[in-house]
Amino acid sequence: MNNKEQTATHHPTMHPIHLSGPANGDFLCIVGDCIESIFKRTEVLKDSENLIYNIQLAVHETCTNIVDHAYSAKDTGDINLIFSVIPSPLQLVVDVEDKGNAFDPTLVEEPNPEQLQVRGYGLYLIQKLMDKTDYSSAGGVNKWRLTKFLTVL
Amino acid sequence: MNNKEQTATHHPTMHPIHLSGPANGDFLCIVGDCIESIFKRTEVLKDSENLIYNIQLAVHETCTNIVDHAYSAKDTGDINLIFSVIPSPLQLVVDVEDKGNAFDPTLVEEPNPEQLQVRGYGLYLIQKLMDKTDYSSAGGVNKWRLTKFLTVL
Amino acid sequence: MYFQVQDIVSKVSVVKLNEKIDAVSAPQIKEKFNEMISDGVYQFVLDLSQVPFMDSAGLAALVSLLKQARQENGDVKLVAPQNESAMRILKLTKFDRVFDMANTAESAVALF
Amino acid sequence: MYFQVQDIVSKVSVVKLNEKIDAVSAPQIKEKFNEMISDGVYQFVLDLSQVPFMDSAGLAALVSLLKQARQENGDVKLVAPQNESAMRILKLTKFDRVFDMANTAESAVALF
Ligand SMILES: Nc1ncnc2c1ncn2[C@@H]1O[C@H](COP(=O)(O)OP(=O)(O)O)[C@@H](O)[C@H]1O
Ligand SMILES: Nc1ncnc2c1ncn2[C@@H]1O[C@H](COP(=O)(O)OP(=O)(O)O)[C@@H](O)[C@H]1O
Numbered sequence: 157m158n159n160k161e162q163t164a165t166h167h168p169t170m171h172p173i174h175l176s177g178p179a180n181g182d183f184l185c186i187v188g189d190c191i192e193s194i195f196k197r198t199e200v201l202k203d204s205e206n207l208i209y210n211i212q213l214a215v216h217e218t219c220t221n222i223v224d225h226a227y228s229a230k231d232t233g234d235i236n237l238i239f240s241v242i243p244s245p246l247q248l249v250v251d252v253e254d255k256g257n258a259f260d261p262t263l264v265e266e267p268n269p270e271q272l273q274v275r276g277y278g279l280y281l282i283q284k285l286m287d288k289t290d291y292s293s294a295g296g297v298n299k300w301r302l303t304k305f306l307t308v309l
Numbered sequence: 157m158n159n160k161e162q163t164a165t166h167h168p169t170m171h172p173i174h175l176s177g178p179a180n181g182d183f184l185c186i187v188g189d190c191i192e193s194i195f196k197r198t199e200v201l202k203d204s205e206n207l208i209y210n211i212q213l214a215v216h217e218t219c220t221n222i223v224d225h226a227y228s229a230k231d232t233g234d235i236n237l238i239f240s241v242i243p244s245p246l247q248l249v250v251d252v253e254d255k256g257n258a259f260d261p262t263l264v265e266e267p268n269p270e271q272l273q274v275r276g277y278g279l280y281l282i283q284k285l286m287d288k289t290d291y292s293s294a295g296g297v298n299k300w301r302l303t304k305f306l307t308v309l
Numbered sequence: 496m497y498f499q500v501q502d503i504v505s506k507v508s509v510v511k512l513n514e515k516i517d518a519v520s521a522p523q524i525k526e527k528f529n530e531m532i533s534d535g536v537y538q539f540v541l542d543l544s545q546v547p548f549m550d551s552a553g554l555a556a557l558v559s560l561l562k563q564a565r566q567e568n569g570d571v572k573l574v575a576p577q578n579e580s581a582m583r584i585l586k587l588t589k590f591d592r593v594f595d596m597a598n599t600a601e602s603a604v605a606l607f
Numbered sequence: 496m497y498f499q500v501q502d503i504v505s506k507v508s509v510v511k512l513n514e515k516i517d518a519v520s521a522p523q524i525k526e527k528f529n530e531m532i533s534d535g536v537y538q539f540v541l542d543l544s545q546v547p548f549m550d551s552a553g554l555a556a557l558v559s560l561l562k563q564a565r566q567e568n569g570d571v572k573l574v575a576p577q578n579e580s581a582m583r584i585l586k587l588t589k590f591d592r593v594f595d596m597a598n599t600a601e602s603a604v605a606l607f
């Protein structure tokens, strides 16, 4: 692969960074640390503490759901993450993939805290925190694509 | 993939973690942060500050060399890192891959600081800090395998 | 995690949490809550002012405590997190409508 | 990075570095050294006591300064890093044989 174009045009894009590892608690913490490190060094995100926090939380919830629901303790596997910034319109894209059980997020109901519902805030938060959340499942691979549109000041 | 065996036997191994991204200074910093996060949460490395420091430095030097020598500003590409802990004997293995220019590390001479040699301490440090350093090049992919044998207390 | 527990005469217990409330810390926090409930504490002020991060597992721990407390005719009031992003999570999930909130522990205690 | 530069009467300049000396910071450090050399400083004490990390680019910056200083009949003495691992790097590369080293800035100055 070749970064020529990027360095030439000084587009505020980010060549994709991949991170993958086992779906467990330790790896979730590692993902959290790495996201912070990646975003701190991503030109268009610098100094956007709230934005970084929100994306970090959305990715964290997505990964937690994979550990809790897509895989089980008996039948676990890897989580693959791909972080990129692409232009026109400028957007941060995080792909999160697993090879566990698929599901249909459109069938999950919005949580109701007024009825003191204890669980079920994860998916809702992900959708509220990102601009676009697409889920697809094909060939045994489930994939979330989380998108946040960015404005350059 | 399946972690069954691992969790069953409680072997102090680590399911591989992959990290890859563009060969540039920002990514080198991200690699440094991620290594620290990974090693802090690797059971057999916990509390071995010196060990972590040494491996971190060896990986850092390996990646710096890829940015400086395997690739060039004009023709750059990705660095792939794979971290794993494997048993019998217990060892930490870091694979570092690039698709740039190959070279023959055996032809590189030991640096001589007494002659006030300015550059050339990277490879030497890598070899001193790790227990085994293997370099191979095949099919356009150059690969360093850095190994550190671990003792369980 | 270190929990600073302070009993106010009217039997409201103020629990100050000062780390992330997430999937990692939630089990420990829940255990502490259960212990206090067993000891007959049903009126809580959770001081979240210094909490830097909260996830859905953290939210679950809060609602779960509220549910237990209300079953015993108690309640849970919150001191709002100073971290803007953590506060935003409470608003996004409408937790600010379910929990009475205040900006200091004193005013949260006064809500009882 | 903040450089604390202190001139001792005998014209030894003590430069205290308190961050990583690596590929990222080396260019900035070299620039500072070049500036001082241009100003006629050839006797240096580099206080590395608080340096937490050093890589080969950092080592290169140190030798490069030593080379320039010696060309002008000056020298560079080091205050040893307190961080064990950073100190080990200096030993591994035999830098402790090329540079005179001491444990405090005062005793490093006394080496001139
Ligand atoms: N990655 C996933 N794979 C399979 N099922 C999922 C996944 N994520 C969420 N779900 C389903 O959606 C439900 C709601 O998820 P969420 O809102 O995160 O709440 P919680 O995890 O607390 O149950 C889960 O209970 C689960 O049934
Ligand atoms: N990954 C690499 N690909 C190609 N050449 C390399 C690589 N790593 C090292 N080299 C060669 O080996 C030499 C010594 O490397 P090193 O000891 O790290 O010192 P330095 O990078 O300061 O020159 C380099 O100058 C370069 O010619």
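Chains as they are written, first to last, in this note's numbering: chain A, 157 to 309; chain B, 157 to 309; chain C, 496 to 607; chain D, 496 to 607.
The beta-carbon is built from N, C-alpha and C at its ideal position, and this holds for glycine as well.
From a predicted model like this one, the values you see are computed outputs, not experimental measurements.
Whole-number beta carbon distance between residue j and residue i, since they are thought to touch under 8 Å
i: D:VAL536; j: D:SER508; result: 5 Å
i: A:GLU272; j: C:LYS511; result: Looking at the sequence provided, one finds Leu at residue 272 of chain A rather than Glu. The Cβ separation is near 23 Å, so there is no contact.
i: A:LEU281; j: A:LEU213; result: 7 Å
i: A:VAL249; j: A:THR303; result: 5 Å
i: A:LEU285; j: A:ASN206; result: Not really, about 10 Å apart at Cβ, beyond 8 Å.
i: A:THR232; j: C:ALA518; result: Wrong, their Cβ atoms sit about 16 Å apart, outside the cutoff.
Interface flag, residue i vs chain A, CB-CB below 8 Å
i: C:LEU543; result: no
i: B:ARG301; result: no
i: C:SER520; result: no
i: B:GLU161; result: Because B:GLU161 sits at a pLDDT of 41, beneath the cut-off of 50, its placement in the model cannot be relied upon, and the point is left open.
i: B:LEU279; result: no
i: C:ASP608; result: Nothing can be reported for residue 608 of chain C: it is not among the residues displayed for chain C, which extend from 496 to 607.
i: C:ALA603; result: no
i: B:LEU175; result: yes
i: C:GLU526; result: no
i: C:ILE584; result: yes
i: B:ASP254; result: no
i: C:VAL593; result: yes
Neighbourhood of residue i by C-beta distance below 7 Å, restricted to the same chain and skipping five residues each side
i: D:ILE516; result: ILE524, VAL546, MET549, GLY553 and ALA556
i: B:ILE173; result: ILE194 and PHE239
i: C:MET582; result: ALA575 and PRO576
i: D:ALA600; result: VAL509, VAL540, ASP542 and VAL574
i: D:ILE584; result: MET549
i: A:THR169; result: GLN162, VAL241, ILE242 and PRO243
Residue-level contact to chain B via CB, residue i, 8 Å cutoff
i: A:ASP290; result: no
i: D:MET550; result: With the sequence shown as reference, residue 550 of chain D is identified as Asp, and Met is not the correct amino acid for it. So, interface residue.
i: D:ALA555; result: yes
i: A:ASP182; result: yes
Short CB-CB distance (under 8 Å) between residue i and chain E
i: D:THR599; result: Here chain E cannot be found, since the structure's protein chains are A, B, C and D.
Sequence-distant residues of its chain with Cβ nearer than 6 Å to residue i (five each side left out)
i: A:HIS166; result: Reliability of the predicted coordinates at A:HIS166 is poor, the pLDDT of 47 falling under 50, and no value is obtained from them.
i: B:ALA258; result: SER293 and ASN298
i: A:VAL264; result: LEU279
i: C:ASP595; result: LYS572 and LEU606
i: A:LEU237; result: LEU175 and VAL252
i: C:GLU579; result: none
Range of the contiguous alpha helix (DSSP H) that encloses residue i
i: A:GLU266; result: Per DSSP, A:GLU266 belongs to no alpha helix (DSSP H) and is neither H nor E.
i: D:ALA555; result: 551-566
i: A:GLY188; result: 181-196
i: A:TYR209; result: 205-221
i: D:VAL604; result: 600-604
i: D:ASN529; result: 521-533
i: D:ASP591; result: 590-593
i: B:GLN283; result: 278-285
Interface flag, residue i vs chain C, CB-CB below 8 Å
i: A:HIS275; result: The amino acid occupying residue 275 of chain A in the given sequence is Arg; His does not appear at that position. At least one chain C Cβ lies under 8 Å of A:ARG275.
i: A:GLU265; result: no
Cβ neighbours of residue i in the same chain (closer than 8 Å, five flanking residues each side left out)
i: C:ALA597; result: LYS572, LEU573, VAL574, ALA575, ALA603, ALA605 and LEU606
i: B:ASP224; result: none
i: A:GLY296; result: LYS255
First and last residue of the uninterrupted beta strand (DSSP E) at residue i
i: B:GLY177; result: 170-178
i: A:ILE242; result: 234-242
i: D:GLN538; result: 538-542
i: D:VAL515; result: Here the sequence assigns Lys to residue 515 of chain D, which means Val is not the residue at that position. Run containing D:LYS515: none; DSSP gives neither H nor E here.
i: D:ASP579; result: A quick correction: the sequence has Glu, not Asp, at residue 579 of chain D. Where D:GLU579 is concerned, there is no enclosing beta strand (DSSP E), although the alpha helix (DSSP H) it sits in stretches over 579-587.
i: A:ASN257; result: First-last for A:ASN257: undefined, no H or E at that position.
Cβ of residue i within 8 Å of any chain D Cβ
i: B:LYS284; result: yes
**Prompt:** Is it a yes or a no for the stretch 186-199 of chain B touching the stretch 183-194 of chain A, going by three-plus beta-carbon pairs under 8 Å?
**Reply:** yes
Exercise. Determine, using beta-carbon pairs with one atom in the stretch 566-577 of chain D and one in the stretch 587-598 of chain D, whether at least three such pairs fall under 8 Å.
Key: Counting C-beta pairs with one atom in each stretch, the stretch 566-577 of chain D and the stretch 587-598 of chain D have three or more that are closer than 8 Å, which means they touch.
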